[in-house]
Amino acid sequence: MFSFVLSSQIQHYMKKIVLVFLLASISFVINANDSTKFSLNNQVVADADNAGLTLPSGFGALIAADNLGRARHIVATKQGGLYVKLERLVGGKGIVYLTDANKDGKMEVETSFGNYIGTGIAIKDNYLYASSNEDVFRYQLDENGKVTNPDNPQRIVKGLWDKRQHASKSIALDNAGNIYVNIGAPSNSCQEVDRTKGSKGMYPCPILDSAGGIWQFKVDQTDQGYHNGVRYATGLRNVVGLDWNQQQNKLYVTMHGRDMLYTLYPDMFDTTVSAELPSETMYEINKGDDAGWPYVYYDHFQKKKVLSPEYGGDGKKAGGEKAIDPIAAFPAHMAPNALLFYTGNQFPAKYKNGAFIAFHGSWNRSPLPQEGYYVVFIPFENGKPSGQWEVFANGFSGTEVVKNPRDAKHRPCGLTEDSDGSLYVSDDVKGTIYRIVYNAK
Ligand SMILES: [Ca+2]
Numbered sequence: 114m115f116s117f118v119l120s121s122q123i124q125h126y127m128k129k130i131v132l133v134f135l136l137a138s139i140s141f142v143i144n145a146n147d148s149t150k151f152s153l154n155n156q157v158v159a160d161a162d163n164a165g166l167t168l169p170s171g172f173g174a175l176i177a178a179d180n181l182g183r184a185r186h187i188v189a190t191k192q193g194g195l196y197v198k199l200e201r202l203v204g205g206k207g208i209v210y211l212t213d214a215n216k217d218g219k220m221e222v223e224t225s226f227g228n229y230i231g232t233g234i235a236i237k238d239n240y241l242y243a244s245s246n247e248d249v250f251r252y253q254l255d256e257n258g259k260v261t262n263p264d265n266p267q268r269i270v271k272g273l274w275d276k277r278q279h280a281s282k283s284i285a286l287d288n289a290g291n292i293y294v295n296i297g298a299p300s301n302s303c304q305e306v307d308r309t310k311g312s313k314g315m316y317p318c319p320i321l322d323s324a325g326g327i328w329q330f331k332v333d334q335t336d337q338g339y340h341n342g343v344r345y346a347t348g349l350r351n352v353v354g355l356d357w358n359q360q361q362n363k364l365y366v367t368m369h370g371r372d373m374l375y376t377l378y379p380d381m382f383d384t385t386v387s388a389e390l391p392s393e394t395m396y397e398i399n400k401g402d403d404a405g406w407p408y409v410y411y412d413h414f415q416k417k418k419v420l421s422p423e424y425g426g427d428g429k430k431a432g433g434e435k436a437i438d439p440i441a442a443f444p445a446h447m448a449p450n451a452l453l454f455y456t457g458n459q460f461p462a463k464y465k466n467g468a469f470i471a472f473h474g475s476w477n478r479s480p481l482p483q484e485g486y487y488v489v490f491i492p493f494e495n496g497k498p499s500g501q502w503e504v505f506a507n508g509f510s511g512t513e514v515v516k517n518p519r520d521a522k523h524r525p526c527g528l529t530e531d532s533d534g535s536l537y538v539s540d541d542v543k544g545t546i547y548r549i550v551y552n553a554k
């Protein structure tokens, strides 16, 4: 009896001692690693220098992966993996699949596949979709979010224009079995001779039959060409950023505006105006919409669509009465390369259903400094911007002033949201993947 009581008491105290020791060691581990590792609630913690980025208060960033190659668009799986589309093959492969086995936020390459370059990548209903510059493929995903047929995808779209200029076939998917493919115009402003002083604008612009718009295809049919697709929207010079807004059940896009107003028409535009115009634009797209390229461009100072000089414009004359207006406009030549509506709950409430835009950065603002090279946020309500745009994440270029795109160490190109509400940003210079998290509570 006595021995039983003693042993029971000893066991009781032993348990207490073990528990105290365990708590002490956990707290020691957390304190020792608070800037580099993960916290008790398994939330990923930012790098000490926020991966070199400047962010709003309460946000942090870490480098999730690095040196992947020319990382264009990205998509996160529900299970925490990440697919990255590459613009140049690495080891003969154009898609990288990253996973994070120990959940510390640092990702490792699990596999790579796909023998084609390109930009577009998206996930819908257990399929991964990826585009080359002329085709779209789809792959089956297993219950872990991993592709089951990496070497044998279904080619659902083929033979789209690839004329080098504006060749990225960015993609988005709706909830009704359709995929939307950007076919950028291989042209600045549809002149008879592209980007040449004195060359007239072609009317009607023949490029619009095959490019300069968004085409809609079925997700489950093989080898669809132009004749199987629907020209869903036209007059869009080059849409690299597009996203299906689930709240509105509608397509939204960001367009790269035309270049070279000063170079081609120095008697109408000076270098300052030409650096700021035309606007980079964001549109809400309905079937059949025409955004007006090449006949008009948008001017966010005059707040109107202006007739292009190739079509009789002088920088003031309005045009494009039947063309849609943008829902947001940005300074020229910032190159909006990705659009993402934020649906997560990790970030503060103002970000919910708002739009993030990754600006790849400019070349055509010289002699003024180049602009872009950051991620912008615009708050939204009921599918429309409800406030001014603001720079959300800056510092990718690693330099105060970018005179030439080659000066930029990193250029934002793709966006995706992790299932925990973190925001991933890809860079197509060094292949860095940034993960932005909200740490303040
Ligand atoms: Ca890891």
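For the sequence shown, my numbering gives the first residue as 114, with consecutive numbering after it. Glycine included, every Cβ here is placed at the ideal spot set by N, Cα and C.
Three-state secondary structure assigned by DSSP to Asp412: strand
Spatial distance of Gly233 from His473 (CA atoms): 15 Å
Straight-line gap, Leu132 to Gly227 (C-alpha atoms, nearest Å): Per-residue confidence for Leu132 stands at a pLDDT of 44, beneath the threshold of 50, marking its modelled position as unreliable; the derived number appears in the next sentence. Their backbone Cα atoms lie some 51 Å apart in a straight line.
First and last residue of the uninterrupted beta strand (DSSP E) at Glu389: Taken as a continuous stretch (DSSP letters only), Glu389 belongs to no beta strand (DSSP E), being part of the alpha helix (DSSP H) at Thr384 to Glu389.
For Leu286 and Val249, the rounded distance between their alpha carbons: 12 Å
Reduced DSSP secondary structure (H/G/I, E/B, other) of Arg524: coil
Unbroken alpha helix (DSSP H) run spanning Thr71, endpoints: Nothing can be reported for residue 71, as the shown portion of the chain is limited to 114 through 554.
Distance CB(Leu175)-CB(Arg524) smaller than 8 Å: no
Contact test: Met220 Cβ vs ligand 1 heavy atom, cutoff 7 Å: yes
Cβ pair Val515, Tyr487 closer than 8 Å: no
Euclidean distance between Cα positions of Thr149 and Ala521: Note that Thr149 has pLDDT 39, beneath the 50 cutoff, so the model's placement of it is unreliable and the number below is only indicative. Approximately 27 Å between the Cα atoms of the pair.
Simplified DSSP assignment, three categories, for Val538: strand
Close Cβ partners of Gly534 (< 7 Å) along its chain, the five nearest in sequence each way excluded: Gly457, Asn458, Gln459 and Phe460
Residue(s) in a DSSP beta bridge with Asp356: Tyr365
Bounding residues of the alpha helix (DSSP H) (the contiguous stretch that carries Thr375): Per the sequence shown, residue 375 should be read as Tyr rather than Thr. Leu374 to Leu377 is the span of the alpha helix (DSSP H), which, as asked, contains Tyr375.
Cβ pair count under 8 Å reaching 3, the stretch 408 to 417 against the stretch 482 to 501: no
Alpha carbon of Tyr537 to alpha carbon of Tyr339, nearest angstrom: 33 Å
Three-state class that DSSP yields for Asn163 in the structure shown: helix
Reduced DSSP secondary structure (H/G/I, E/B, other) of Glu503: strand
Distance between Tyr551 and Asp217 (C-alpha atoms, nearest Å): 15 Å
Near ligand 1: Asp160 beta-carbon under 7 Å from a heavy atom: no
Minimum C-alpha distance to Gly204 - residue among Asn215, Ser225 and Leu254: Ser225
Closer than 7 Å: Asp531 CB and nearest ligand 1 heavy atom: no
Residue of Arg519, Asp427 and Asn262 minimising C-alpha distance to Tyr240: Asn262
Candidates Glu513, Asp531 and Ala506: closest to Gly171 by CA position: Ala506
Cβ pair Arg277, Ser539 closer than 8 Å: no
Thr512 vs Asp179 beta-carbon contact at 8 Å: no
Limits of the beta strand (DSSP E) - the one that Trp328 falls within: Gly326 to Lys331
Proximal residues to Ser138 (C-beta, below 7 Å), its chain only, five neighbours per side dropped: Because the pLDDT at Ser138 is just 42, under 50, the model does not fix this residue reliably, and the value given afterwards should be weighed accordingly. The answer is none, since no qualifying residue turns up.
Asn163 burial status per 10 Å Cβ neighbour count (16 or more: buried): buried
As assigned by DSSP and simplified to three states, the class of Glu423: helix
Per DSSP, the bridge partner or partners of Arg251: Tyr242 and Gln267
Pair within 8 Å by beta-carbon distance, Gly370 and Glu393: yes
Contact test: Asn362 Cβ vs ligand 1 heavy atom, cutoff 7 Å: no
Among Glu434, Ser387, Glu305 and Ala404, the one whose alpha carbon lies nearest that of Lys444: According to the sequence displayed, residue 444 carries Pro and not Lys. Checked all of Glu434, Ser387, Glu305 and Ala404; the closest Cα to Pro444 is Ser387.
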